[in-house]
Every structure is written in structure tokens, then in C-alpha cells.
Amino acid sequence: MADIAASNSTVATRAGRNSLHKLVQRKSTVAFLMALPLILLITILVAYPAGYAVWLSMLNKSMVRFVGFGNFEFLFKRETFWEIVAQSCLFALTAVLFKAMIGFVVAHFVNNIPTKGQRKWRGMLLVPWVIPAAMSTLSWLWLFDPSYSAFNWIFAHIGLPKISWLGEAGWARFSVILVNVWAGAPFFLIMYLAALKSVPEQLYEAASIDGATWWQRIWYVTLPMMRNIIAITILFSTIVTFANFDIVRVLTAGGPLTATHVFATWAFKVGIESGDIPLGATVSLFMVPILAVAATFILRDISKRGSEV
Amino acid sequence: MVSRKVSRRRFVASTAALSTAAVAAPFVRGAYAAGKLSVGFWDHWVPNANGATEKLIKEWGEKEKVEVQIDFITSQGNKLLLTTAAEGQAGSGHDILAQNTFLPARYAEILVPMNDLMDDLIKENGKVNNTVEYLGKVKGKWLGIPATIGSQIKGPCSRLDYMKQYAGLDIKAMYPAGEAPKADNWTFDTFLKAAEACHKGGHPFGIGLGTTSDNVDTIGAVFNSFGAVLVNEKGDIVIKNDQVRQALEFYKKLMQFLPPDVAAWDDASNNKFLVSGQASMIMNPPSAWAVAKRDAPQVAEQCWTHGFPSGPKGRYAPFLPFFWCTWSFSKNQSAAKSLLRYLSTADAAEKMVNASGGYDLPAFEKFTTFKVWAEAEPPKGTLYHYPNPHNHQILSVAAAPAPHKIAEQIYNQGIQTQMAVRYFKGEALEKTIDWASGEIEGFMRN
Numbered sequence: 001m002a003d004i005a006a007s008n009s010t011v012a013t014r015a016g017r018n019s020l021h022k023l024v025q026r027k028s029t030v031a032f033l034m035a036l037p038l039i040l041l042i043t044i045l046v047a048y049p050a051g052y053a054v055w056l057s058m059l060n061k062s063m064v065r066f067v068g069f070g071n072f073e074f075l076f077k078r079e080t081f082w083e084i085v086a087q088s089c090l091f092a093l094t095a096v097l098f099k100a101m102i103g104f105v106v107a108h109f110v111n112n113i114p115t116k117g118q119r120k121w122r123g124m125l126l127v128p129w130v131i132p133a134a135m136s137t138l139s140w141l142w143l144f145d146p147s148y149s150a151f152n153w154i155f156a157h158i159g160l161p162k163i164s165w166l167g168e169a170g171w172a173r174f175s176v177i178l179v180n181v182w183a184g185a186p187f188f189l190i191m192y193l194a195a196l197k198s199v200p201e202q203l204y205e206a207a208s209i210d211g212a213t214w215w216q217r218i219w220y221v222t223l224p225m226m227r228n229i230i231a232i233t234i235l236f237s238t239i240v241t242f243a244n245f246d247i248v249r250v251l252t253a254g255g256p257l258t259a260t261h262v263f264a265t266w267a268f269k270v271g272i273e274s275g276d277i278p279l280g281a282t283v284s285l286f287m288v289p290i291l292a293v294a295a296t297f298i299l300r301d302i303s304k305r306g307s308e309v
Numbered sequence: 310m311v312s313r314k315v316s317r318r319r320f321v322a323s324t325a326a327l328s329t330a331a332v333a334a335p336f337v338r339g340a341y342a343a344g345k346l347s348v349g350f351w352d353h354w355v356p357n358a359n360g361a362t363e364k365l366i367k368e369w370g371e372k373e374k375v376e377v378q379i380d381f382i383t384s385q386g387n388k389l390l391l392t393t394a395a396e397g398q399a400g401s402g403h404d405i406l407a408q409n410t411f412l413p414a415r416y417a418e419i420l421v422p423m424n425d426l427m428d429d430l431i432k433e434n435g436k437v438n439n440t441v442e443y444l445g446k447v448k449g450k451w452l453g454i455p456a457t458i459g460s461q462i463k464g465p466c467s468r469l470d471y472m473k474q475y476a477g478l479d480i481k482a483m484y485p486a487g488e489a490p491k492a493d494n495w496t497f498d499t500f501l502k503a504a505e506a507c508h509k510g511g512h513p514f515g516i517g518l519g520t521t522s523d524n525v526d527t528i529g530a531v532f533n534s535f536g537a538v539l540v541n542e543k544g545d546i547v548i549k550n551d552q553v554r555q556a557l558e559f560y561k562k563l564m565q566f567l568p569p570d571v572a573a574w575d576d577a578s579n580n581k582f583l584v585s586g587q588a589s590m591i592m593n594p595p596s597a598w599a600v601a602k603r604d605a606p607q608v609a610e611q612c613w614t615h616g617f618p619s620g621p622k623g624r625y626a627p628f629l630p631f632f633w634c635t636w637s638f639s640k641n642q643s644a645a646k647s648l649l650r651y652l653s654t655a656d657a658a659e660k661m662v663n664a665s666g667g668y669d670l671p672a673f674e675k676f677t678t679f680k681v682w683a684e685a686e687p688p689k690g691t692l693y694h695y696p697n698p699h700n701h702q703i704l705s706v707a708a709a710p711a712p713h714k715i716a717e718q719i720y721n722q723g724i725q726t727q728m729a730v731r732y733f734k735g736e737a738l739e740k741t742i743d744w745a746s747g748e749i750e751g752f753m754r755n
């Protein structure tokens, strides 16, 4: 009996070892194990903080009572909050539009530069994007500074009136959008340039043979071929621009009055500076459902087109 | 390159030997037998001012056999504020942490009461002003010890030459060094006339109307001088009153004579405006003067720090105190209190004030007559009136006497400066007041 039992246990151990061996050998298991560090990192640095923010947004001001969607209800009744919503939309949509347009135009220019000299242009044009935004915005702040504005110094020398860049609501909005466009346009440029390079030359040749004008080539060849990249780039940029903090914080801190506040700076003002962390979390989460729905539609459209191809 | 492979047997043998040696070793009383203490203090603007504090703490640590770790945390980019918020949330952090204005009240439930220590310190060092008591004592509990480092009055710093040339005011005669002020005529009317004259002369007053601390502190003192209260001590919104209207009318007149972009000013803007030689007056502690002394000595030679003009309800000046607080989760509370007692002696306070060149202003009554303020130059006596040695003005904070959790939001969101700018930009007075009332209603939630 003992022998049989021993032999059974040996067989069971061997079978177990075999199945473990098979499991480890499976490609999906290997892939999972290799992705595990990243999954853990995302869980710790993204999923947990996001979940914690959702939890915070459902607490009362002193963070001792669960209030469900009470903070959202409260925000919807605040005049200042709707000003922030309008400003965030103006800021993000205008900035993304200009970044996309400038990126598209400059990508064409760069694409037309001979390959030999193209690399240095690409490098130079990427500089605004690779410098940490907080640092480059500091330089912009000095250019716009109320007392020492370099732009105003030039204006004064050519007889133009001084502009209150950060002191007037309109000019302050213009300034933060300008800096965001300056910093973000190279991202569009590099994505569009990559897309342009992947458009087969034969398509343009065929279009030329058919007598297509420059505009028709753009409209019927370039744009359809770049559609997916344009959609993805705009989606990413919209999300990042809506969540922008550093440029507005450094340049205007949301002022004058609350004229340039966006969700992130207002969330910081309310949550950290004024000590209402749940309300700050609520402000920062406000755009999540809207952006999530937009992202779902855009990504579904892209995958649909991908499967059609 | 020599490589040496450690076998499992050798590893076990070595660790066993080490463990035996460690367990068998006799207990040796170390230099830091009384434990460890971690301290997070405000990182001073004034170069080398941290040095005096560090030296004092080390002296205390050696005497008390406590190992002290000191972190000087900058308030640039809100780092100190973020550290405080993170430690409060995590329930872990420094044993002593510097917290300014409304922060002790925000964390009142998780701070160690300091009543025993404060009672002794008040007996030894004299009373503290009402603003320190309002900010640091909640429901009879002292939440921290008023810190020497970083505490400040944000009074006027005027250019002697411009004020005389354009406004005909002899500031030095009004606030003579070593003597009580002779400034009965220094009222809001005189102030407005001087602002207009200096503006005409091309050197306007540099008074910001952004939402950062310097801007809010100034308008807070002006509102107090008019008796303009937004929320009373019971928490009732009382903003619709004539005093608030008068204060806003005053600001509307004043703003005509200020630089056009003051609504965008932060805490550095007024300093730059003075140092660049453009300002006739700013509202600031002597840091701007100290920078001018280094970078623009010809400007510093003309600077004189003095008292606020008086309004219908008195002469108020903004006081911005820091507190040294201990979290209730601190593991070495007795050592923390011992260090705070040491740092609150007259000798220690004077060393810190000297190191800051007179910037730091202790809150205790007997600590406002140190030599450094009388001797600071150029010009000689420029800081004599900075610590309010003759109690010529009432020290105050914006949004007081509202309950702290409401006042904190009025202060941090710059409701008063926003009201002034809105009204100046053409909004109807009652509409501005309604807007502010609505905002404050939102701050009432619990």
C-alpha cells in the first residue's frame, strides 16, 4: 500500500510539475509575466490614485461622511465652476485646433526638405516639446512679466502701446493658449510627419496623372491616409490639454480673477490651497466621463476603419 | 577583476556568526540615547538665515542627546503646503512642521495641544497679538507655537525721495527712527492723495490685486480699517453692509493710480516693482529692501518701512504668522516640545532674527525691540518701525473674524481682491457683493 501511495504521489507531483511547466511555457503566461511589472506600476501609480480620487470626491468637506454625488450637485450650482468649464473648453479646444493646424502645415514643410538636412530641422522643431513645460513657461513668464515684459520693451521701442499680457482677461487667455500651442505643436508635427512618410508615393503619382491639383492631393490622398493618426493625436492632445496644470499655474495661476483657471488649477486652488480636498477631487474628475465617451467613439471609429482596411 | 562566489554554506555560516555577535554585544549608550526627532522648517528667503536655526537645533540636540534631522522646505511652488497636506493625509511625517496662517486650524484635530508650553512662554516672553491667538488657538487649544522664522508684518515700504518729491510727505519725520510715530495725519485720505501724486510723477504705488498672499493681506488690512466684515465670528454672512461698500469705493479710487496689471500680480511682483526703481511704495516685509540692498543699493538707500495709514475704524496692518506644530501621530512629542521651548527663548529668537537681517518677526511682545531693527541700514533706522515697537497699529489678518474653515477659503481664493477688481472693471457694486456672497455661501459646506 505504501508503495502504491508513494507511486501515486510521485505521479501526482510529476503531473503537477508538468502542468506548471506547460503553464509557464505558454506564450500568454510569458507575456503576462513580462507585462506584470508594468501592470503593477500602473496599478500603483494610476489605478490606485484614480480610485482614491473617486472615493475622495464622494466624501464631505471634512472627509468623515459619505455624500455620494453631493459634491457634483454642489458644483453644478456654482457660477464660478461653470466659468471654469467654459474656460477649460475654450483653452483645450482652441489650443488643440491650432496645434493640429500648425503641426500639419509644418510637417508638410519639413517633409519637403531634402533628407540630408531634414534631421536637424526635426531636432530643432522638437525642442519646445522636449523642454519640461514648467521650465519653458518660466521663460514665457519673463517675456510677459507685468514689470519687465520683453515684448513690451520691444513694443515701446517701435512706438506701439504696452500690452497687459497677464493683467487683462482676454490677453491672459491668449497668452496661456499661445504657450500651450508653442509647447504642444511639435507633438503633432512629429506624428504627422511620420504619417506623411508612410503615404505611398504611388498614390501621389497616380493623382498627378489624373490631373489632381495640390489641394485635391491633400484632400483625397493625404488626409484619408492620415485620418487615423490625426484622430489619435487629437484625442491624446485633447485629454492632455484638458488636464493641463503647469502652463497655467506658472504663467497666471488662474488669474486675473479666475479668467484663466482650468480644471486642474482650479482643483488645486480648491483642494490643496483652500483645504477642501473632496471638492478639489470632484473638480478634477468632472471631465473624466466626457473624455471617456469621446475616447470610446474615436477609438471605435479607428478600429472600425482598421478592420475595413 | 577578481570574482568570489559565495556558496550557500558559507552564506549561512557568515550570517549566523554575525547574528550571534550582534545579540551578544553589550548595550552601549549612544550619543543620541534620547531618540530621534525630525523637523520640517520653512526654507528662508534670506540667504544663510537657515544656518542660525540649524546651529540652534544642533546645540539643543547635543545637549538633550537627541538625533535631529532637519529639513528646510521651500514654500516656492507650494512645496511646504503640499508636504503638510501629504503628511496630514498619510498620518506620518515630521515631528515638528512649520505651518502658516490658517493651516494649524485646518489640521486642528490632528495636532498636539501646546497649551502647557504656550502658558509658560507667554509668562516669560509676554503676550502675543490677537491675530496670532485667532489663528493659533482654536476652541481653547493652542495648535502650535508662534514661530520666529517666517512670521512677518506686511507694512508699507516707501521710497523717501519719491514720497517727498511727488506727494510732499516726509516719511522719515512721520516715522522717526528710535521714536514713536508722528503719523496722525497718515490716513486713507492722505494715502490716496499720495498715490495720485506718485502716479502722476510716473512712480505709482505697487499694490497688487491678485489672489496670492501679499495681495490678500493688504486688502484684508484695508477692509479691517473700514470695519468691513464679510462673515462674522458666528459664521453669518454679513457682507451686505456699508463698510464693505466704503472699502470697495476706496479701492476703486486707488486702482486708478496703480499699474494697470495689478490684477495679475503675485507675491514677487511688488518686490520686482520696488527693486526696479519704479515704485514709490509697496506693501511687504523687508525682503524687497534686502534684495535691493544687494542688487540695487541706490534704491535700498531710499527705502523706509513704516506703518499703515488709518481708516475710519483704526490703523490695521497685516500680520502673517508661522507656527511650529506637532502632529498627534508624532513619535517623540516630548522632545518636540523641549526643542520648541528652546527655540522660543529670547536668545534663540534674537539669533534667528539677526540671521534673517530683521525679516523674521517673533510674535511675543517682548521680542519686538531687538537691536537689529534699530541698527539696520541703509538708511540707518529703515526697519525701526517694522516690528510695530510702539503698538501704533493693530495687527490683523484678512477674512477674520470668520470661523477658520470659512476664512481660509475667503483668504485663499482672494475674494476681497476679486471684489475690488470686479468693481473697478465696471461691475455694479451690488452685483459684486452678490457674487461674493454667493461664493462665501459655497464655503459654508461641511
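These protein sequence lines map, in sequence, to chains U and E. Just so it is clear: in the first sequence, position 182 is 182 by the numbering used here, and no numbers are missing. Adding 309 to a residue's 1-based position in the second sequence gives its number in the numbering used here. Don't be surprised by glycine CBs; every beta carbon is placed ideally from N, CA and C.
What span of residues does the beta strand (DSSP E) with residue i cover, start to end?
i       : result
W613(E) : 612-614
E433(E) : Careful: E433(E) lies outside any beta strand (DSSP E), inside the alpha helix (DSSP H) at 424-434.
Y625(E) : 625-629
N228(U) : Run containing N228(U): none in the beta strand (DSSP E); it sits in the alpha helix (DSSP H), 223-242.
P712(E) : Premise fails: P712(E) is in no beta strand (DSSP E) and is neither H nor E.
L567(E) : Where L567(E) is concerned, there is no enclosing beta strand (DSSP E), given that its DSSP letter is neither H nor E.
L36(U)  : Premise fails: L36(U) lies in the alpha helix (DSSP H), 27-42, not in any beta strand (DSSP E).
When you measure from the CB of residue i to every non-hydrogen atom of the ligand FMN, does any distance come out below 8 Å?
i       : result
S665(E) : No copy of the ligand FMN appears in this structure; indeed no ligand is present at all.
What residues from chain U crowd round residue i, counting only those whose CB sits closer than 8 Å?
i       : result
V600(E) : Neighbours of V600(E) on chain U: none; closest Cβ ~14 Å, over 8 Å.
R624(E) : None at all; the shortest Cβ gap to chain U is about 29 Å.
Count the other CB atoms, across all protein chains shown, that sit within 10 Å of the CB of residue i; report buried if there are 16 or more and exposed otherwise.
i       : result
V571(E) : buried
N533(E) : buried
I113(U) : exposed
D545(E) : exposed
F336(E) : Unreliable positioning characterises F336(E) in this predicted model, as indicated by a pLDDT of 39, which lies under 50. A coordinate reading is not provided.
E542(E) : exposed
Just to confirm, are residue i and residue j a CB contact at a threshold of 9 Å?
i       : j       : result
G376(U) : M58(U)  : What the structure shows of chain U is the stretch from 1 to 309, and residue 376(U) is not part of that stretch, so it cannot be assessed.
P278(U) : K77(U)  : no
Y475(E) : G510(E) : yes
G529(E) : Q725(E) : yes
K660(E) : K364(E) : yes
M191(U) : T222(U) : no
N524(E) : W574(E) : yes
L189(U) : I102(U) : yes
L420(E) : W744(E) : no
May I ask you to report which of helix, strand or coil DSSP gives residue i?
i       : result
P335(E) : Caution applies to P335(E), whose pLDDT of 42 falls short of 50 and renders its modelled position unreliable; the model cannot decide the point.
V106(U) : helix
A2(U)   : Low confidence applies here, because A2(U) scores a pLDDT of 48, under 50, leaving its location unreliable; read the following figure in that light. Helix at A2(U).
G586(E) : coil
F76(U)  : helix
P49(U)  : helix
M592(E) : strand
T527(E) : helix
P289(U) : helix
L365(E) : helix
Q378(E) : strand
W354(E) : coil
G747(E) : helix
K448(E) : coil
Alpha helix (DSSP H) containing residue i: first to last residue?
i       : result
I177(U) : 169-197
A407(E) : Taken as a continuous stretch (DSSP letters only), A407(E) belongs to no alpha helix (DSSP H), being part of the beta strand (DSSP E) at 405-409.
D246(U) : 246-251
S136(U) : 133-144
So which residues on chain E does residue i lean against when the C-beta distance must stay under 9 Å?
i      : result
F74(U) : G751, R754
R78(U) : G747, E748, G751
So which residues of chain U does residue i contact, with C-beta pairs closer than 7 Å?
i       : result
E717(E) : S274, G275
Which chain E residues sit within Cβ distance under 7 Å of residue i?
i       : result
K61(U)  : R754, N755
T137(U) : Per Cβ cutoff of 7 Å: no residues; T137(U) is ~12 Å from chain E at best.
S164(U) : P569, D570
S147(U) : S578, K581, F582, S585, Q587
G255(U) : G519, T520, A572, A573
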